[in-house]
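Residue numbers (this note's numbering): 4 to 311.
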Amino acid sequence: MPDATAAANTATPPPTVRFAPSPNGLLHLGHARSALVNWRFARARGGTFLLRIEDIDTTRARPEFEAAIAEDLAWLGLDWVTPVRRQSEQFPDYEAALSELKKLGLVYPAFMSRAETARKVAEAEATGASWPRDPDGAPHYPGNDRGLSAAERRRRIAAGEPHTWRLDMEAALRGLPDPLSWTEHGTGPDGETGTILADPGAWGDVVLARRDVPTSYHLAVTVDDAVQAITDVIRGQDLFTATAVHRLLQHLLGLPTPRYRHHGLVRDPQGRKLSKSEGATSIAALRASGLSPSDVIALATQEAGMES
């Protein structure tokens, strides 16, 4: 007969997943879908569902929006393990990760402003040159600061020049033992699944920290997922290509790689993904209109291919 103890030891442990909204506005149906996908996934497998508040944008984050997030999720019938991790309270973790990358010589202070960058790109394109752009369509940073000496960097920082810290992508990719990849258990925007070859170079020298905030989305989410022992990252397909940057940071920092499951987006009648900035109808507004939790859940999950 099979050894029951051995079978138990080799069984897949219960998953830990997270829903990580930013408290810079009210949740909409797209957020509801992602939260529900994560919550149902954990619940069906005896796992843990975490709520993480991604509030590193301190100029836009508001406590009333965080309170509304909790209210909306509870109204939908979701529960989560406390305490909630707030990124604004974890800056030492991100500073430590950035310090490690500095020691490896893989980041540099970038002094060009957005306006200066846009002007340089426009000048190049006016001559007919092709300027590389990331998967979101933003032009790559010119990287003029990459070659500055350590003394010049220190001088300019000490003088108070505004700057960000960017990943030197060329240096980071140099010497990788094998091509980076991840296992996709969901689907990408074009139906990608299975083993996905990562292409972090497509993003150029991404920002890892700002002058007033010692992190960026890419660095914070990578560190948080490791600290919280997230086993399965379940999120919208709009973040599919960004996974390549996260895989690179995991490799550079010696962090574990979770399983990835990207899901379809809730879209408006024009086919655009729902967005706070575009005024997507909030869950609170739907509730106020008389819809029940089951009504909103049906709207959020229709045609989602949601796994239970």
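Just so it is clear, CB atoms sit at the ideal spot from N, CA and C, and this is done for glycine as well. A quick note: this is a predicted structure, and the numbers were derived from the prediction, not measured.
query = Would the stretch 149-160 and the stretch 77-96 be scored as touching if the rule is three or more Cβ pairs under 8 angstroms?
reply = Too few Cβ pairs lie closer than 8 angstroms, so no.
key: Reduced DSSP secondary structure (H/G/I, E/B, other) of Gly-312   = Residue 312 is absent from the model: the chain starts at 4 and stops at 311.
key: Whole runs of the beta strand (DSSP E) within the stretch 97-133, excluding any shorter than 3 residues   = If we require 3 residues or more, the beta strand (DSSP E) runs fully inside the stretch 97-133 come out as 110-113.
ask   = Under a three-way DSSP split, which group does Asp-235 fall into?
value = Start at 1 with the first residue of the sequence shown, and residue 235 comes out as number 232. Per DSSP, reduced to three states, the secondary structure at Asp-235 is strand.
ask   = Smallest Cα separation from Ala-121: which of Lys-105, Lys-106, Gly-140 and Val-248?
value = On the sequence shown, position 118 is the one that residue 121 refers to. The shortest Cα separation from Ala-121 among Lys-105, Lys-106, Gly-140 and Val-248 belongs to Gly-140.
message = Could you tell me the alpha carbon to alpha carbon distance between Ala-174 and Arg-136, rounded to whole angstroms?
response = Taking the sequence shown and counting its residues from 1, the one referred to as residue 174 is at position 171. Taking the sequence shown and counting its residues from 1, the one referred to as residue 136 is at position 133. Looking at the two C-alpha atoms, the distance is approximately 19 angstroms.
Reference Val-210, options Gly-178, Ala-245 and Gly-194, closest by Cα = In the sequence shown, residue 210 corresponds to position 207, counting from 1. Cα-wise, what sits closest to Val-210 is Ala-245.
query = What is the DSSP secondary structure of Ala-11, reduced to helix, strand or coil?
reply = On the sequence shown, residue 11 is found 8 positions in, with the first residue counted as 1. Summary for Ala-11: the model assigns pLDDT 45, below 50, so the residue's position carries little reliability; its value from the coordinates is reported in the next sentence. In the three-state scheme derived from DSSP, where H, G and I count as helix and E and B as strand, Ala-11 is classed as helix.
ask   = Out of curiosity, what's the CA-to-CA distance linking Ser-285 and His-266?
value = The residue given as residue 285 occupies position 282 in the sequence shown. The residue given as residue 266 occupies position 263 in the sequence shown. Approximately 20 angstroms, taken between the alpha carbons.
key: Through-space distance from Thr-85 to Gly-50, alpha-carbon basis   = In the sequence shown, the residue the question calls residue 50 occupies position 47. In the sequence shown, the residue the question calls residue 85 occupies position 82. Distance between Gly-50 and Thr-85, taken at the CA atoms: about 14 angstroms.
request  = Please confirm if the stretch 160-168 is in contact with the stretch 184-204, defined as three or more CB-CB distances below 8 angstroms between the two stretches.
outcome  = Contact fails between the stretch 160-168 and the stretch 184-204, because fewer than three Cβ pairs, one in each stretch, are under 8 angstroms apart.
query = So, is Arg-169 buried or exposed, given that buried needs 16 or more other C-beta atoms within 10 angstroms?
reply = Position 166 of the sequence shown, counted from the first residue, corresponds to residue 169. Arg-169 comes out buried.
ask   = Whole-angstrom Cβ separation of Ala-247 and Ala-212, contact assumed at under 8 angstroms?
value = As a first step, residue 247 is located in the sequence shown; it is residue number 244 there, counting from the start. As a first step, residue 212 is located in the sequence shown; it is residue number 209 there, counting from the start. Wrong, their Cβ atoms sit about 19 angstroms apart, outside the cutoff.
query = Pick from Leu-251, Arg-262, Met-115 and Val-216: whose alpha carbon is nearest that of Asp-96?
reply = As a position in the sequence shown, residue 96 is number 93, starting the count at 1. Comparing C-alpha distances from Asp-96 to each of Leu-251, Arg-262, Met-115 and Val-216 shows the shortest one belongs to Val-216.
request  = Kindly provide the ranges of any alpha helix (DSSP H) runs that are 4 or more residues long and lie completely inside the stretch 133-187, ordered along the chain.
outcome  = Under the rule that a run must span 4 or more residues, the alpha helix (DSSP H) segments found entirely inside the stretch 133-187 read 153-161 and 172-176.
ask   = Would you call the stretch 13-21 and the stretch 37-44 in contact, with 3 or more CB pairs under 8 angstroms?
value = Judged by Cβ distances under 8 angstroms, the stretch 13-21 makes contact with the stretch 37-44, as three or more pairs qualify.
message = For Ser-311 and Val-299, I'd like the C-alpha separation in whole angstroms.
response = One-based indexing of the sequence shown puts residue 311 at position 308. One-based indexing of the sequence shown puts residue 299 at position 296. Any reading at Ser-311 is ruled out, since the residue's pLDDT is 40, under 50, leaving its predicted position unreliable.
task = Could you pull out every residue in the same chain whose Cβ sits closer than 6 angstroms to the Cβ of Met-309, ignoring the five residues on either side in sequence?
result = The residue you call residue 309 lines up with position 306 of the sequence shown. Unreliable positioning characterises Met-309 in this predicted model, as indicated by a pLDDT of 46, which lies under 50. A coordinate reading is not provided.
query = When you compare only the Cα positions, how much space is there between Met-172 and Ala-223?
reply = Indexing the sequence shown from 1 puts residue 172 at position 169. Indexing the sequence shown from 1 puts residue 223 at position 220. If you take the alpha carbons of Met-172 and Ala-223, they lie about 18 angstroms apart.
query = Measuring CB to CB, does Arg-264 end up less than 8 angstroms from Asp-235?
reply = If you number the sequence shown from 1, residue 264 lands on position 261. If you number the sequence shown from 1, residue 235 lands on position 232. The criterion of a C-beta distance shorter than 8 angstroms is satisfied by Arg-264 and Asp-235.
request  = Compute the beta-carbon to beta-carbon distance between Asp-60 and Tyr-144, rounded to the nearest angstrom, for a pair I have assumed lies under 8 angstroms.
outcome  = In the sequence shown, residue 60 corresponds to position 57, counting from 1. In the sequence shown, residue 144 corresponds to position 141, counting from 1. By a beta-carbon distance limit of 8 angstroms, Asp-60 does not contact Tyr-144. Their separation comes to about 20 angstroms.
request  = Run the CB neighbour count on Pro-16, radius 10 Å, all protein chains shown included, and call it buried at 16 or more, exposed below.
outcome  = What you label residue 16 is simply residue 13 of the sequence shown in a count that begins at 1. With fewer than 16 Cβ atoms within 10 Å of its Cβ, Pro-16 is classed as exposed.
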